[in-house]
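Protein chains: 6
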Amino acid sequence: MGIHKYFRSLNELERIIRCPGKFKFEEHSVAAHSWKVVQYAKTLADIEEKHGAQIDWKKLYNITSSHDYGEIFIGDIKTPVKHSSMQLRQLIQQVEEGMVNHFIEEHIPQEFKGTFYHQLREGKDDSLEGLILEVADKMDQVYEAFAELQRGNTEKEFVVMYRNALIKIKHIKLRSVDYFLEEILPDMVNEETLSSINIRQITEEALAL
Amino acid sequence: MGIHKYFRSLNELERIIRCPGKFKFEEHSVAAHSWKVVQYAKTLADIEEKHGAQIDWKKLYNITSSHDYGEIFIGDIKTPVKHSSMQLRQLIQQVEEGMVNHFIEEHIPQEFKGTFYHQLREGKDDSLEGLILEVADKMDQVYEAFAELQRGNTEKEFVVMYRNALIKIKHIKLRSVDYFLEEILPDMVNEETLSSINIRQITEEALAL
Amino acid sequence: MGIHKYFRSLNELERIIRCPGKFKFEEHSVAAHSWKVVQYAKTLADIEEKHGAQIDWKKLYNITSSHDYGEIFIGDIKTPVKHSSMQLRQLIQQVEEGMVNHFIEEHIPQEFKGTFYHQLREGKDDSLEGLILEVADKMDQVYEAFAELQRGNTEKEFVVMYRNALIKIKHIKLRSVDYFLEEILPDMVNEETLSSINIRQITEEALAL
Amino acid sequence: MGIHKYFRSLNELERIIRCPGKFKFEEHSVAAHSWKVVQYAKTLADIEEKHGAQIDWKKLYNITSSHDYGEIFIGDIKTPVKHSSMQLRQLIQQVEEGMVNHFIEEHIPQEFKGTFYHQLREGKDDSLEGLILEVADKMDQVYEAFAELQRGNTEKEFVVMYRNALIKIKHIKLRSVDYFLEEILPDMVNEETLSSINIRQITEEALAL
Amino acid sequence: MGIHKYFRSLNELERIIRCPGKFKFEEHSVAAHSWKVVQYAKTLADIEEKHGAQIDWKKLYNITSSHDYGEIFIGDIKTPVKHSSMQLRQLIQQVEEGMVNHFIEEHIPQEFKGTFYHQLREGKDDSLEGLILEVADKMDQVYEAFAELQRGNTEKEFVVMYRNALIKIKHIKLRSVDYFLEEILPDMVNEETLSSINIRQITEEALAL
Amino acid sequence: MGIHKYFRSLNELERIIRCPGKFKFEEHSVAAHSWKVVQYAKTLADIEEKHGAQIDWKKLYNITSSHDYGEIFIGDIKTPVKHSSMQLRQLIQQVEEGMVNHFIEEHIPQEFKGTFYHQLREGKDDSLEGLILEVADKMDQVYEAFAELQRGNTEKEFVVMYRNALIKIKHIKLRSVDYFLEEILPDMVNEETLSSINIRQITEEALAL
């Protein structure tokens, strides 16, 4: 019972793997992914601040730290499924919220329920912090897909994963996104790769959209 | 393209883990689970035959061999989610069917489409073979949960998994189910266990329902 | 005791790896392999039926479902060893049969001993079902070897494994084998590969024999 | 080059294991540990805020997000070694700082060097945020050790790890620490355990010091 | 070609697991086992020397360092199989020798063939060094089995493995064996254990034989 | 207590990984590495003997068998750190010796303390055996790095690891080193590789230094 129950549950996300079955060279746990998202988000926020933006750091910490906690309840539902129909997507989101809320109701002491509702809600919205989270989440998708492609995984889904994440990032109008696309991404594309897949070409096509 | 695409995809189910994050002592891939279900189903069918039932072996082979193939598309959606609402359950099932059908449309040569529609459909129905599949699937849940409990995993969900599977099995009126409950299950309950959980008691309570 | 003992033992085959030490990119358990063989066999049988053959589905199910169960007793004895001398091969087979029989004698209830003798016997014979099992078993060898080669494993043994399996398959005169060689295999050869090994060439040479 | 180099390096911490060789039941990567520390720190900070403290969330985010990044350079040096002599401890810390600084000098663009110096410095100091980080880091040690003990690991080092972490936490005078000791820890102690080790007794002794 | 081929092959023994399928808590590679045998053998030899025996250290090094190298060729053939019939056991040994010799013939330069024949031969004979190797090999079996039992594995085979190894050790009349039984083994028996199995009792029974 | 404690501890080195985080294709435990070093050292010593050198086999066995045992205490401290300053390197070595001695004092019976002090000391010195150990240790670094490069790992550190090990080996003036460089290494360079890295070139450059 209590917050202890929440802390104990974090361990599960060390054992839940993203995109099960797909990664051939290295799998990534939700815990590791979450940590990397916290990293990217911080750097993105730092870049925004450098350009004069005002970051609500408390909010950022709030929404990035546990952004995939819900996967403890709903598991890893593959993206194509989540997006196969708006109806299904909303229903899954409702169920996830319901389960998170139920967990909070059952285990979190009264005086912290509000804190946890805030922390475990879906943080991707139109605020600067929400957009940063969205970009950070997609950036990890780029890095994960790139690592597979670079090591020689020729499966189409990683090209798709890589490309779709780039396209999503590109459409979020932020200074930090510009920086990522102009300064960080080129270094990735310049990495040596075993793949016969032309990562440079895919990147350019995605960014042209 | 072609059936080759189907054969290549089987490898993914070797890497998709059941109930990700939950199993502490040993994880089970969908491929291994599927194989065990084929095993249990055969024995259940043999028992039914011994009692004078007529088994359509072709149908049984058909529905047991690829019964979880759909998880390649929808991933492992946790049971509590699938059953959280009838509406969601149906929607997920629709999506899964749609994706399976789409795969078959795209990859399976015309002359075998029918065969694959049959093979990859949901096989649990009210026929004897369909019920056998249902029991076999639940039996593996019993065995998986038992193995965790017996090794000392005290998490409530395994008690729940064990019990719910037994209850489901019990409600399927088959001679082979009687045999399982009267001859096979007692041997399981008599195994030595590290657990402080009283497996015997849980078993008896479940079967009393 | 009892059939429970058999069911509990299936878990071991989840942990026994094929060709231990050889696979660099991905290992395969005997359980996963067995499941894939059940898959291939079904499709081969479907193809045969389409060409007017009569399939004894009960027999097929019987011999494919537990075809490598004996590895629980004898472990994974490398092919070069098994085939190093006819005498050794026969002796190992005798020992395996003896151990399987001993297991059945000791654990399987009287009324099912016959069933299990049938189920756990060596199923590869000259019947259509026996040949299908032989082909299915070799097909998995092709797929396993191909996966390693395609990911860049340049070890000679995978070329040998790939080739020998193809040669064995080719010599089994079945319509489904023709289909495999003419319709399915080309798709494999056309897959992109990292390997400097000319898989196309190896394939053509093997099939020319 | 560039921040890309930093982002790419995060993947390594997914593969660096804490206390290598010691954990028998489950190993934890530095990445997963880091993520959990971010979690605990947030809750501790929330508790502090509830008691009227002022949290510099930007600072907290800063020091918790990459607090063990240095392990990429120095590896996992066992605690007994680090603390074997003050001289060695200081020297190791100097070396780590030197390597982190060198990395930043070499790879981070000029305009972000300052940000990264801040982010990758040692964050444990006497500020409220620094103490929260210290507590959060030790809390994960408690949770990691408890998980091993609870699953039956009787090795003395886990008792030591558990106890030392509790003692360290106890000596940090914070409201959130009181909350942890009074509200959260008891739930842990009340969990069922396989161990013959009296966790309750160890806990009480540690807290009495 | 050449000794390089031999050196490269050592890596395989890092991936070949002993008793595949049986170990539940921790598997052991042949490489790790081989290293531990080198360790035990040294200590046993040191004890013998202390009692005035003359150790041919070159011979000891020779026979302990690569004592299981043959498993690269024959794989891990389970003990019950190897011992099921004297005829089979001899045949397997012949095959193994044949394959080792073939490897040496094919790859080892002429001037070192003799060295490798010596190194890769079966070292267990009646010499003091040969007996030490036999004891060391069995000691690892004791340690491996004990580790599983101590962690709660209740499978009969580990009791059998533990006991048989002890009995074999006991029947080898060496001072170092006496030391092991009188000074080292009691410390093992005194370790805390989760098992309901009475290790002390099993030990005493085995030693009474 | 006693030598049992030492034997039990060997298991930890099966779980301590070399260069954690760096190896992408295959990790190596300290136990496996130790065993391979014993192998290489034997062959190097055989070569020396062939050239008329006198090998103290007891000493060789002594210093090669447990040469990395200290890693149980100090963990795997990355080379760049160990060599970052002579002062740190000496301090770490002092600490390691201290911990090894402490272990021996605490656990090894009086009559064997001397033996263990000899066995667990740093064996690399200017004696022929000490140099052989040095070469053998570096050879494994060559093989480990080569395996990663050959499989396509393009990370600079493996080029550095490969090259530095070769340079170190080259500077040790031994007949067996000449043999390694002239007869064994060329076979490695001639192996097929996926890497775009020119291993031949790197090798030639390293040996030219």
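Chains as they are written, first to last, in our numbering: chain A, 0 to 208; chain B, 0 to 208; chain C, 0 to 208; chain D, 0 to 208; chain E, 0 to 208; chain F, 0 to 208.
Ideal placement from N, C-alpha and C gives every residue a C-beta, glycine not left out.
Simplified DSSP state of residue i, which is helix, strand or coil
i: Ile171/B; result: coil
i: Ile198/B; result: helix
i: Ser84/C; result: coil
i: Ser8/C; result: helix
i: Glu182/B; result: helix
i: Gly74/C; result: coil
i: Glu105/E; result: helix
i: Gln118/E; result: helix
i: Thr153/D; result: coil
i: Ala164/C; result: helix
i: Gly113/A; result: helix
i: His3/A; result: helix
i: Gly69/B; result: coil
i: Lys23/A; result: coil
i: Glu48/A; result: helix
i: Ser64/A; result: helix
i: Lys123/E; result: coil
i: Leu59/C; result: helix
Under 7 Å from the C-beta of residue i: neighbouring residues of chain C
i: Lys35/B; result: Leu9
Where residue i meets chain F, residues with beta-carbon distance less than 9 Å
i: Val80/D; result: Phe72, Ile73, Gly74, Ile76, Ile91, Val94, Glu95, Met98
Alpha-carbon spacing of residue i relative to residue j, whole angstroms
i: Leu12/C; j: Leu148/C; result: 25 Å
i: Lys41/D; j: Tyr60/A; result: 8 Å
i: Phe22/A; j: Arg150/A; result: 11 Å
i: Arg14/E; j: Pro19/C; result: 7 Å
i: Ser84/D; j: Ala30/E; result: 36 Å
i: Leu132/F; j: Ala52/F; result: 15 Å
i: Asp186/D; j: Leu165/D; result: 15 Å
i: Ile91/A; j: His27/D; result: 30 Å
i: Ile103/C; j: Val37/B; result: 19 Å
i: Ala135/A; j: Thr63/A; result: 9 Å
i: His211/F; j: Phe179/E; result: No information on residue 211/F is available, as it lies outside the stretch 0 to 208 that chain F covers here.
i: His117/E; j: Asp45/F; result: 11 Å
i: Ala144/D; j: Asn197/D; result: 14 Å
i: Ile2/E; j: Leu9/E; result: 11 Å
i: Asp125/A; j: Arg174/B; result: 60 Å
Neighbour list for residue i in chain A, Cβ cutoff strictly below 8 Å
i: Leu184/B; result: Those within 8 Å of Leu184/B in chain A number zero; the least Cβ separation is about 29 Å.
i: His27/D; result: Glu13
Closer than 8 Å at the beta carbon, the chain E residues around residue i
i: Arg150/B; result: Lys23, Gly151
Per-residue contacts from residue i into chain B (C-beta, under 8 Å)
i: Ser83/A; result: Val94, Gly97, Met98
i: Gln86/A; result: Leu90
i: Asp125/C; result: Ordered by position in chain B, no residue passes the 8 Å Cβ test against Asp125/C, which lies about 21 Å from the chain.
Residue i: contacting residues in chain A (beta-carbon distance under 7 Å)
i: Gln38/D; result: Leu9, Ser64, Ser65
Strand pairing of residue i, partner residues [DSSP]
i: Ile272/F; result: As displayed, chain F neither begins before 0 nor continues past 208, which places residue 272/F out of reach and without an answer.
Closer than 8 Å: residue i CB and nearest the ligand ADP heavy atom
i: Arg199/C; result: The ligand ADP is absent from the structure shown, which contains no ligands of any kind.
Within chain B, partners of residue i - CB distance below 9 Å
i: Ile103/A; result: Going along chain B, no residue has its Cβ under 9 Å from Ile103/A, so there is no contact; the nearest lies around 16 Å.
Interface positions of the stretch 106–119 of chain E facing chain F (Cβ-Cβ less than 8 Å), listed along the chain: Of all residues in the stretch 106–119 of chain E, only Pro108, Glu110, Phe111, Thr114, Gln118 come within less than 8 Å of chain F when Cβ atoms are compared, listed by chain position.
The stretch 160–174 of chain E: positions lying closer than 7 Å to chain F by Cβ: Per Cβ criterion, the list is empty.
Within 8 Å of chain B by C-beta, residues of the stretch 194–207 of chain A in sequence order: Cβ contacts with chain B come from no residue of the stretch 194–207 of chain A.
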